[in-house]
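Just so you know, the protein sequences line up as chains B and G, in that order.
Residue 1 is where the first sequence starts when you use this note's numbering, and the numbers rise one by one after that.
Residue 346 is where the second sequence starts when you use this note's numbering, and the numbers rise one by one after that.
Protein chains: 2
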Amino acid sequence: MPRGKFHAVLLAGGSGTRFWPLSRAKTPKQFLALASGRPLLVDAWRRVRRLVPVERIWIVAPRRLGAGIRRLLPDLPRRNWIVEPSARDTGPAVALACAVVAARDPGAIVGLFPTDHVVRDPRAFGRAVRTAASAARDGTLVCLGIRPDRPATGFGYLECAARAQLGRSVPVRRFVEKPDLTRARRFVRSGRHLWNAGMFVWRVDSFLDELGRTEPAIRRAVERHLAGRRGAWDTATRLSVDYAVMERARRVRVVPLDAGWDDVGSWDAAARLREEAGLGSSHGLLVESAGSVVFGAHRFVALVDAPGLVVVDTPGALLVVARRSSEKVRRVVEALRERGRSDLL
Amino acid sequence: MPRGKFHAVLLAGGSGTRFWPLSRAKTPKQFLALASGRPLLVDAWRRVRRLVPVERIWIVAPRRLGAGIRRLLPDLPRRNWIVEPSARDTGPAVALACAVVAARDPGAIVGLFPTDHVVRDPRAFGRAVRTAASAARDGTLVCLGIRPDRPATGFGYLECAARAQLGRSVPVRRFVEKPDLTRARRFVRSGRHLWNAGMFVWRVDSFLDELGRTEPAIRRAVERHLAGRRGAWDTATRLSVDYAVMERARRVRVVPLDAGWDDVGSWDAAARLREEAGLGSSHGLLVESAGSVVFGAHRFVALVDAPGLVVVDTPGALLVVARRSSEKVRRVVEALRERGRSDLL
């Protein structure tokens with residue numbers, strides 16, 4: 001097989017409700033300028049654009065986001081948008097992307113990257129991706145892993161065979177689902193555990209081979225979908241790529257990524273990034289309201305003796321939430337669903 | 346002198362910044378539905394409408410409020426709007442009203458009432474006004490006084506010669522400016538001190554006589570203004586009616602008013618009244634946000650773990666303020682003035 005070229009695949013299928021009311025069905029999290037002044041998706045595009053020409057940048061996204069993507073990424077070649085027919089978790093979406101890229105470039109090495117995260121240092125990101133691409137040449141499936149700076153219980157962990165070093169890959173011994181706090185603390189102390197950031201680099205043929213072994217139903221569903229069989233996609237098993245392949249794959253290695261990664265998991269996290277960028281109180285007027293951050297305001301917003309809040313001001317809805325409670329925003333979304341207020345979702 | 350008829354004068358000249366951003370130059374506090382579902386001004390109209398025919402209801406208000414008043418009070422006879430040429434405190438405004446009413450009905454007894462307060466019991470209000478009107482027949486200047494239920498330091502007090510009883514008037518010994526907390530506590534204990542609610546009843550001729558004695562410059566300015574002298578109004582001394590007349594008048598009595606009076610002095614007070622009316626959380630969705638109240642929302646508003654706040658949602662500006670700090674809203678207004686944002690004032 002000839003040495004294939006490197007392609008970047010942006011995964012833009014996420015919906016998510018944690019950033020209500022800014023995130024809506026047609027403007028999911030990756031479309032929002034949560035951290036910098038630019039949408040997360042645009043920052044993701046710029047990161048990979050440093051590494052590959054636009055012809056080899058792909059995006060996987062549902063049909064409803066097409067117009068938004070064309071607006072945000074005018075340079076994306078139109079034939080490089082891979083339509084995700086419906087949300088069936090990351091396993092089928094990644095399989096579809098690999099199969100489509102393989103159809104154009106059978107020996108391609110792909111990097112698959114979520115588009116709703118922050119990576120502060122694009123150069124360090126590029127170095128890690130190049131290291132991973134080298135490691136993937138021989139058919140290894142490579143993850144990028146983040147060194148934990150706290151015992152987070154919201155991420156999966158990669159247990160390495162040895163302490164990982166920057167610029168090197170190490171074998172992954174096993175994947176660990178979201179741990180409890182005790183285990184998470186042990187992982188942080190061990191020095192051999194990295195967060196699974198959902199970023200992968202591999203040869204498309206190697207991945208599809210492994211998928212055919214671990215979840216042949218997904219591989220078949222994708223092939224039949226590409227052959228034009230109606231309804232085939234909806235038979236693909238709903239599984240994350242971790243479950244579907246990585247936990248059972250034969251050769252998996254990880255390259256550590258030390259590039260200021262942040263998954264921006266809540267309004268509180270977004271507020272922290274805003275403050276870091278010096279944008280915390282750029283909207284409106286804060287009087288005795290330290291730690292409060294305003295998002296989305298097109299109006300003048302004044303906070304008085306109202307510290308530690310996130311205020312999200314959109315034309316259709318207003319949210320005021322304590323930063324420490326920002327994961328409870330989903331309760332608002334649930335209530336809106338119960339009330340049938342799809343206009344606000 | 347023939348026994349004149351009773352006229353009601355609504356004082357609607359106040360501007361005030363405490364209810365920003367709902368209160369603006371053209372929609373001052375009295376135009377807002379802060380407590381019930383109706384603007385305070387409309388409630389004030391209805392209260393006096395029970396006592397006098399519309400021909401004898403007057404309003405003192407600046408020119409800029411004309412359209413708003415016609416909209417809210419369509420039954421007000423157009424010739425009964427007394428234009429306050431510019432804000433020069435209550436002394437000149439009350440003098441102007443008395444002089445204009447006197448020109449139509451020289452022996453009139455007038456009741457002068459602020460329009461930005463709440464009076465929960467209009468019947469009790471009517472009884473107190475009738476008692477006051479009787480007491481005013483002999484030329485006495487009569488105040489309505491509120492029995493204090495707390496040692497408020499934001500009001501003036503009337504020291505009575507004896508304990509005041511409902512349905513009776515008692516002589517006022519002296520007017521006391523806003524006291525400090527120690528004195529306010531003593532006043533509450535004394536049982537002989539009532540809050541000065543800025544409501545007065547008197548014969549127009551008696552008041553104008555006293556004014557001519559205590560502040561002849563104001564009386565002259567009003568007369569020259571009525572005679573059509575340009576600029577005369579602007580020579581009227583800026584004084585409250587208390588300073589200009591009441592503190593130095595010869596015969597002053599007070600009738601206690603026990604009618605659920607509230608001056609609605611802050612967003613916190615308005616929030617209390619909303620809750621009392623069962624309207625506290627009628628807008629939007631409150632999750633773990635006890636004691637928070639939303640005003641003015643035309644959008645869906647969600648509060649999450651954000652208790653004890655007032656949220657004021659207007660098309661041009663949004664305010665989030667801790668109820669306990671609602672008097673600090675003026676700092677926002679000051680900042681807007683400094684920034685030249687008259688569009689928001």
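No residue lacks a Cβ here, since even glycine has one placed at the ideal position from N, Cα and C.
{"Item": "CB-CB under 6 Å to VAL188(B), same chain, minus the five flanking residues each way: which ones, in chain order?", "Value": "PRO148 and PRO151"}
{"Item": "On the DSSP letters alone, give me the boundaries of the beta strand (DSSP E) that ARG253(B) sits inside.", "Value": "252-257"}
{"Item": "Is it true that the CB of ASP313(B) sits closer than 9 Å to the CB of PHE295(B)?", "Value": "yes"}
{"Item": "So the alpha helix (DSSP H) TRP58(B) belongs to, where does it begin and stop?", "Value": "From DSSP, TRP58(B) is part of no alpha helix (DSSP H) but of the beta strand (DSSP E) over 57-61."}
{"Item": "Does the beta carbon of ASP650(G) come closer than 9 Å to any beta carbon on chain B?", "Value": "yes"}
{"Item": "Can you tell which of VAL301(B), ASP116(B) and ARG185(B) has its C-alpha closest to the C-alpha of ALA662(G)?", "Value": "VAL301(B)"}
{"Item": "Look up PRO315(B) in the DSSP assignment and say whether it is helix, strand or coil.", "Value": "coil"}
{"Item": "Taking HIS7(B) as part of the beta strand (DSSP E), name the residues at either end of that continuous run.", "Value": "6-11"}
{"Item": "Quick check on ALA412(G): buried or exposed, where buried means 16 or more other Cβ atoms within 10 Å of its Cβ?", "Value": "exposed"}
{"Item": "Contact criterion: CB-CB distance below 9 Å. Does ALA8(B) meet it with respect to chain G?", "Value": "no"}
{"Item": "Alpha carbon to alpha carbon, how far is ARG331(B) from LEU32(B)?", "Value": "21 Å"}
{"Item": "To which residues of the same chain is TRP233(B) closer than 6 Å at the C-beta, ignoring the five residues directly before and after it?", "Value": "PRO85 and HIS225"}
{"Item": "Put ARG472(G) into one of helix, strand or coil per three-state DSSP.", "Value": "helix"}
{"Item": "If we call anything under 9 Å between Cβ atoms a contact, is VAL110(B) one with VAL9(B)?", "Value": "yes"}
{"Item": "Keeping to the same chain, check which residues put their C-beta closer than 8 Å to that of ARG337(B); ignore five residues upstream and five downstream.", "Value": "LEU345"}
{"Item": "Going by C-alpha distance, which of THR498(G), VAL567(G) and LEU539(G) is nearest PRO516(G)?", "Value": "LEU539(G)"}
{"Item": "So what does DSSP say about GLU84(B), is it helix, strand or coil?", "Value": "coil"}
{"Item": "Closest to LEU257(B) by CA distance: which of GLY126(B), TYR243(B), ILE59(B) and TRP81(B) is it?", "Value": "GLY126(B)"}
{"Item": "Along chain G, which residues have their Cβ under 7 Å away from the Cβ of VAL311(B)?", "Value": "VAL665"}
{"Item": "GLN510(G): buried (16+ other C-beta within 10 angstroms of its C-beta) or exposed?", "Value": "exposed"}
{"Item": "Measure the alpha-carbon distance for ALA473(G) versus ARG528(G) and round it to whole angstroms.", "Value": "27 Å"}
{"Item": "Please classify PHE300(B): does DSSP put it in a helix, a strand, or coil?", "Value": "strand"}
{"Item": "Can you tell me the Cα-Cα spacing of ILE402(G) and ASP608(G), whole angstroms?", "Value": "22 Å"}
{"Item": "Going by DSSP in three states, TRP365(G) sits in which element: helix, strand or coil?", "Value": "coil"}
{"Item": "LEU194(B) bridges to which residues according to DSSP?", "Value": "LEU158(B)"}
{"Item": "Select from GLY340(B), LEU303(B) and GLU334(B) the residue whose C-alpha is nearest the C-alpha of TRP20(B).", "Value": "GLU334(B)"}
{"Item": "When the cut-off is 9 Å and only beta carbons count, does LEU377(G) lie next to chain B?", "Value": "no"}
{"Item": "With 16 other CB atoms within 10 Å as the buried threshold, where does SER671(G) fall?", "Value": "buried"}
{"Item": "Grouping DSSP H, G and I as helix and E and B as strand, with all else coil, what is VAL329(B)?", "Value": "helix"}
{"Item": "Identify every run of the beta strand (DSSP E) within the segment 86-123 of chain B, keeping only runs that are complete inside it and at least 3 residues long; order them along the chain.", "Value": "109-114"}
{"Item": "Measuring alpha carbon to alpha carbon, tell me which of GLU223(B), ILE218(B), MET199(B) and ARG70(B) ends up nearest VAL102(B).", "Value": "First, the amino acid is wrong: residue 102(B) is Ala here, not Val. Checking every option, the nearest Cα to that of ALA102(B) belongs to GLU223(B)."}
{"Item": "Would you mind stating whether VAL600(G) and GLU555(G) have Cβ atoms separated by less than 9 Å?", "Value": "no"}
{"Item": "Counting only Cβ pairs nearer than 9 Å, list the residues of chain B close to VAL646(G).", "Value": "ALA317, LEU318, LEU319 and VAL320"}
{"Item": "Whose Cβ in chain B lies nearer than 8 Å to the Cβ of SER670(G)?", "Value": "GLU288, VAL304 and ASP305"}
{"Item": "Suppose contacts are defined by Cβ-Cβ distances below 9 Å. Is VAL304(B) in contact with SER289(B) by that definition?", "Value": "yes"}
{"Item": "Under 9 Å between C-beta atoms, does GLY145(B) make it to chain G?", "Value": "no"}
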